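As structure tokens, the structure follows; a few thoughts come after it.
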Amino acid sequence: MLKTRQCLLGIRTFLGVTSRIWGFILYILRKHLRTVIQYQTVRYDTLPLSPVFINRLNAVKRKILVLDLDETLIHSHHDGVVRPTVRPGTPPDFILKVVIDKHPVRFFVHKRPHVDFFLEVVSQWYELVVFTASMEIYGSAVSDKLDKDRDILKRRYYRQHCTLDLGSYIKDLSVVHNDLSSVVILDNSPGAYRSHPGSVLLSDCQMVKRDSSLQRTCFHFSRVQWRRALHQSRQRNTHQIVVQRPKRHSSS
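Using numbering that gives the first Met the number 0, the letters of the sequence shown map in sequence onto residues 0 to 251.
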């Protein structure tokens, strides 16, 4: 009887230790999997719009969406400088080599999660404009990489188009369009548009996969655009109503 109890106690102890070891292994595996997924590049298959929606979009006047680059669409750092925004060891999406003040500089650029999907979709609804306080040689190269020869980022404005005010670069929207009611801004810095706070959508960059801000912004724009298209379609149909008068039969 004593040996049986000792045997059962040994089995129970073994199972308890095994369970703890297995639980620890599962914890490590889940933690590693979350890390891998968190920094994994996300790709989307974009579906074409329906003919009905395309016709409605074509009938709606396109607004202008002004996009910032750094900490809004991308994050970058150059040789010798590493910011905590990006996890150490994460490979960049692309590397830019530019010459600044006669010195070659390499920029390691990380695209924000969902940025390719965002640009692909919103370019169908808005005229996209890049406005960055960065130097043109850098901002132009980044814009080319994001554009991918699609001609969706044709209009670009750089540091020379900004106004220097108390050490900060202020972006002057008058160079973009004279009707500010047609302009929407996506930027991480509200101070860059002090004169137009009502037009700014803030979008602070977080270089992790769970950063779904651009994805949510895209869905927000889709709802707004659909409502505008539907409203304009109803107005157009109302104006096209024709009341036909009954024909008069002439007496012979």
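The beta carbon of each residue, even a glycine, is placed where N, CA and C say it ideally should be.
Computed from a predicted model, the values in this text were never measured in an experiment.
{"Item": "Contact test: F220 Cβ vs the ligand SAM heavy atom, cutoff 7 Å", "Value": "This structure does not include the ligand SAM; it has no bound ligands of any sort."}
{"Item": "N-terminal and C-terminal residue of the alpha helix (DSSP H) that K144 is part of", "Value": "E135 to D146"}
{"Item": "Chain-order list of residues whose beta-carbon lies under 7 Å from that of L72 (same chain, five-residue window excluded)", "Value": "L66, R111, V114 and L145"}
{"Item": "Where the alpha helix (DSSP H) containing L118 begins and where it ends", "Value": "V114 to V121"}
{"Item": "N- and C-terminal bounds of the beta strand (DSSP E) containing I184", "Value": "V182 to D186"}
{"Item": "Extent of the continuous beta strand (DSSP E) run through V97", "Value": "F93 to I99"}
{"Item": "Residue range of the unbroken beta strand (DSSP E) whose run includes D164", "Value": "C161 to D164"}
{"Item": "T17 - DSSP class collapsed to helix/strand/coil", "Value": "helix"}
{"Item": "Beta-carbon proximity of H77 to H109, cut-off 8 Å", "Value": "no"}
{"Item": "Cβ shell of H176 (< 7 Å), same chain only, five flanking positions each side left out", "Value": "I63 and V182"}
{"Item": "Exposure label - R155; buried when at least 16 CB within 10 Å", "Value": "buried"}
{"Item": "Where C161 falls, given that 16 or more other Cβ within 10 Å makes a residue buried", "Value": "buried"}
{"Item": "Nearest to F106 (by Cα), restricted to the options Q123, S133 and W124", "Value": "S133"}
{"Item": "Residues bridged to F23 [DSSP beta-bridge criterion]", "Value": "According to DSSP, which records beta bridges pairwise, F23 is partnered with nothing at all."}
{"Item": "Best match in I184, I20, L163 and K60 for proximity to Q123 [C-alpha to C-alpha]", "Value": "K60"}
{"Item": "Beta bridge counterpart(s) of P103 as assigned by DSSP", "Value": "V98"}
{"Item": "Burial state of L212, where buried means 16 or more other Cβ atoms lie within 10 Å", "Value": "Reading off the sequence shown, one finds Ser at residue 212, where the question assumed Leu. Counting Cβ neighbours within 10 Å, S212 comes out buried, since at least 16 surround it."}
{"Item": "R211 in three-state terms, based on DSSP", "Value": "Here residue 211 turns out to be Ser, not Arg, going by the sequence shown. It is coil, neither helix nor strand."}
{"Item": "Outcome for D255 when other beta-carbon atoms lying within 10 angstroms are tallied against a minimum of 16", "Value": "An answer regarding residue 255 cannot be provided, because it is not within the stretch 0 to 251 covered by the chain."}
{"Item": "L8 versus G15 - alpha carbon distance", "Value": "10 Å"}
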